[in-house]
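Counting from 1 along the first sequence, just add 1164 to a position and that's the residue number in the numbering used here.
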Amino acid sequence: MKALSCAARRPNSKFGEISVTSSPARVRFAPSPTGHLHLGGARTALYNYLLARKTGGKFILRIEDTDQKRFVPGAEQEFMDGLRWLGLHYDEGPDIGGPYGPYRQTERREIYQRHAWQLVEQGHAYPCFCTPERLEQMRSLQMQNKETLHYDGTCRNLPPEEAARRVANGERHVIRFKTPQEGATTAHDLLRGDITIENKNIDDYVILKSDGWPTYHLAAMVDDHLMNITHVFRGSEWLGTFPLHVNILRAFGWQEPTWIHLSIFLKPSGKGKMSKRETAEAMKDGYSIFTKDMGSLGYTPEGVNNWVALMGWGISEGDDVMSLAEMVQKFDITRLTPSPAAINFTKLDHFNGEHIRRMAAPDLAARLKPYFTNAGLEVSDDLLLRVIPLIRERLVTLDDCLPFAAWFFRPQVVPDPKDLVAKNLTAAQSAQIAQRIYETLAPLPHITHDLAEPPMRQLVEELGYSPGQVFGILRVAVTGQSVSPPLFESMELLPREVILERVQQAVELLKNA
RNA sequence: GCCCCCAUCGUCUAGUGGUCCAGGACGGAGCCCUCUCAAGGCUCAAACAGGGGUUCGAGCCCCCUUGGGGGCACCA
């Protein structure tokens, strides 16, 4: 129903698509296990997930691990963990299987070889015997002559019989795609429209390496086709080889998916992408571009998803704080934007805080508990649950619970005497006030908000100081710190004796100050 | 050097030829609330990169310039 009304309002988007979001989509997130899952990958995965859920389709995880040299042990697991943490559950993947497996490219080697040779037989590709050294020389020569770097075609025109003989003899070779030399190739991107590149600017790319493994160009096209992928979300770094990919698909006679090239994320300054240096700098400020760090930095999957979703997706009006389910409702691939986006970490803080404030108390409590535990504190679930309403709107990140509420779970607090001295007053004056506070609270049967605040206000009146001065002393005495959740609500959660002891302690500290 | 992509407040964006002296959000400034810190409420400052077309009319369409980004591997 939603999709239909969307289509009615924006019938063809600007490039004449027909109802791109209505039928079930099969989409895939296909990382290479060579590093960490970062923001860009998380967004690509998210959009895939949203489209799949929106259309009642399938979200697939495929591991593109054909590069033997760059393989990083544990990376694949990190991607799976990252997706799980984000709540982006896939329907088919290497660890859970599915009808189109295997989902790891290293388990599909024969498939690629078969297809590569099929292209050779059909005249769309050819074996190439040029050595890496020769190619290196060729390139530096081209560089010297200020030519465009490209394969010079030496093996392209080898008689097929000779090529076949040399291959049969076991001569080391790769297979290159035979890009047409005349004309131009036009490929269509949903967001950017037609993209045309002169064929002379498209190289004869290697599609099967001499070690027998395919390159991305072959493997991704073959898999997307065999896995029935309907929409391909990928980074704009693929735009340059986009026509190549379309040519490969056409050589096979396969149908094209809908292509959506997402722009990359720029560093906060907007000048270039995140480098090692900026990544380290962000980490110093408590931010990271890697999902593996997000949890320990106190970020929630809800906050991260929401933040990342809106970099490259404009929702026209209304509430932009959304859960995954709400994003599914509102998602519309035709509203994605093609321009590069600068990362804005303070906006992540905003979304994270918003989602924390939206959480049900028991949920928040469960998420907060590990931060206390990791800090060596023993927390009572009952007390924690009662602390939640006092700190919730103060939290930007989950680990902010420590500065605000750790003191609740410590047997005693030791205020710095300097903090006990009220603004514009001496230690002696503060000591006197503390003593009066003690005398005010001591007679109360319970120190609750309702019972304690009126007499305390009266005391403030009597003393002629400001509420801030008097309450400030009490705050530091009880919590040990000058910034805390609301005072009376906080005291209500502690035993009466504890509070009185602490006020007494403050009196002593001030006297000796 | 060659190829490709992108271009609205500082940032993310809405805008699909008149309803735009350009709307929202983050951040910033101010005020209110107030026991600290927040949260919340209200208000303010802040943009169509430049130049040519097309059109009665252009932020929206076309071209050029400029700026930014990405790519030019037997990596993905």
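The beta-carbon is built from N, C-alpha and C at its ideal position, and this holds for glycine as well.
These numbers were taken from a predicted model, which means no experiment stands behind them.
Cα separation between residue i and residue j?
i     : j     : result
C1294 : K1511 : 51 Å
L1605 : M1491 : 51 Å
W1402 : Q1286 : 26 Å
I1339 : Y1290 : 5 Å
R1574 : S1654 : 14 Å
P1323 : G1317 : 13 Å
A1530 : V1577 : 25 Å
L1430 : E1274 : 39 Å
R1173 : V1472 : Residue placement at R1173 is poorly supported in this model, since its pLDDT is 27, which falls under 50; the coordinates are not used for a value here.
L1305 : L1252 : 48 Å
V1634 : V1468 : 41 Å
G1434 : H1425 : 19 Å
Y1213 : Y1254 : 8 Å
K1533 : Y1369 : 53 Å
L1547 : T1501 : 47 Å
H1337 : P1266 : 27 Å
P1296 : A1194 : 28 Å
R1621 : L1608 : 15 Å
E1603 : T1443 : 55 Å
P1197 : F1495 : 28 Å
L1554 : V1543 : 16 Å
E1256 : K1342 : 34 Å
Q1301 : N1309 : 12 Å
Between the options, which has its C-alpha nearest residue i's C-alpha?
i     : options                       : result
F1223 : Q1232, L1210, L1500 and D1513 : L1210
L1657 : H1610, G1476, R1336 and V1640 : H1610
H1200 : L1215, F1235, Y1264 and A1216 : F1235
G1450 : L1426, N1365, F1509 and A1525 : F1509
V1689 : I1371, E1518, D1545 and N1676 : Absent from the structure is residue 1689, since the part of the chain shown begins at 1165 and ends at 1677.
L1228 : R1272, P1263 and A1216        : The question names Leu, yet the displayed sequence has Glu at residue 1228. E1228 has its Cα closest to that of R1272, out of R1272, P1263 and A1216.
K1233 : T1270, E1603 and Q1301        : T1270
Q1419 : N1333, L1390 and A1446        : L1390
T1208 : S1400, L1627, P1631 and L1562 : S1400
T1312 : R1298, I1366 and P1344        : I1366
A1524 : G1436, G1221 and L1549        : L1549
Q1596 : T1443, V1331, L1623 and L1608 : L1623
R1226 : E1240, R1268 and Y1276        : R1268
V1667 : I1601, M1244 and F1652        : I1601
H1288 : K1373, Q1345, G1478 and L1674 : Q1345
A1384 : L1413, S1460 and R1356        : L1413
I1507 : D1563, S1439 and L1554        : S1439
T1133 : D1563, R1522 and P1553        : The chain is shown from 1165 up to 1677; residue 1133 falls before or after that span and cannot be answered.
Sort out for me which residues DSSP pairs residue i with in a bridge.
i     : result
C1292 : V1338
T1360 : T1350
W1423 : D1353 and V1396
W1477 : L1500
R1192 : I1224
H1202 : F1454
F1429 : A1505
V1734 : Past the boundaries of the shown model lies residue 1734; the chain is included only from 1165 to 1677, so the question cannot be answered.
R1268 : I1227
E1256 : I1224
Who are the Cβ neighbours of residue i in its own chain at under 6 Å, not counting the five residues just before and after it?
i     : result
A1351 : I1359, F1406, P1407 and V1410
A1670 : L1584, A1598 and A1641
V1551 : A1569 and F1572
E1518 : V1485
A1677 : P1581 and A1591
G1636 : A1586
H1279 : V1386
H1613 : F1652, E1653 and E1656
Enumerate in chain order the residues of its own chain whose CB-to-CB distance from residue i is below 7 Å, with the five nearest sequence positions on each side excluded.
i     : result
S1487 : E1466
I1393 : R1190, V1191, R1192 and P1421
G1347 : N1363
L1559 : G1517, I1520 and C1565
P1631 : V1624
R1639 : S1646, S1648 and L1651
S1503 : S1427
F1515 : G1467, N1470, W1471 and V1485
P1579 : V1640, A1641, G1644, A1670 and L1673
G1615 : First, the amino acid is wrong: residue 1615 is Leu here, not Gly. Same-chain partners within the cutoff: L1608.
R1356 : H1425 and P1502
In chain order, what residues of the same chain have a beta carbon less than 8 Å from the beta carbon of residue i, not counting five sequence neighbours either side?
i     : result
E1181 : Here E1181 scores only 40 on pLDDT, less than 50, and its place in the model is too uncertain to base an answer on.
D1375 : Q1232
S1169 : With a pLDDT of 27 at S1169, under the threshold of 50, the modelled position of this residue cannot be trusted, and the question is left open.
N1588 : Q1633
L1250 : A1206, A1209, L1210, T1455, P1465, V1468 and N1469
G1478 : R1499 and T1501
Count Cβ pairs between the region 1187-1203 and the region 1452-1461 that sit closer than 8 Å; are there 3 or more?
yes
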